[in-house]
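Quick note: to get my numbering, add 40 to the position in the sequence shown (first position is 1).
All residues carry an ideal CB built from backbone N, CA and C; glycine is no exception.
Structure first, commentary second.
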Amino acid sequence: EMSARHPGNIAALARIATPSVAAVLNVGTAHLGEFGSREAIAETKSELPQAVPASGVVILNADDPVVAAMADKTAARVVRVGRSA
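As structure tokens, then:
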């Protein structure tokens, strides 16, 4: 798990420990105070799939449009999960 309090935190962690597999299942509002909006939280969470190399796999929740859109931000193979997958 990689967590963030500020934009760039996940990207910094991923430079230390590059993930070969990553999963993003939801973008909630738990960190709304730190980020100000759900969109800002999503942008920060998208740093994780962006960090996965083309040889890796990114698992995304297809039922959450904000998460599903992260497929466009990774070179890795994307596996979609959920009821609409």
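Check, Outcome
"Start-to-end residues for the beta strand (DSSP E) that takes in N101", "97-101"
"The segment 54-71 / the segment 92-102 touching (three or more Cβ pairs under 8 Å)", "yes"
"Same chain, Cβ closer than 8 Å to V119, five either side skipped, listed in chain order", "V97, V98, I99, L100"
"D62 (DSSP reduced to helix, strand or coil)", "Here residue 62 turns out to be Ala, not Asp, going by the sequence shown. Three-state DSSP puts A62 in a strand."
"Contact under 7 Å by Cβ, L88 with I50", "yes"
"Those residues which DSSP pairs with V107 across a bridge", "For V107, which the question treats as bridged, DSSP gives no partner whatsoever."
"C-alpha gap between H71 and I81, whole angstroms", "7 Å"
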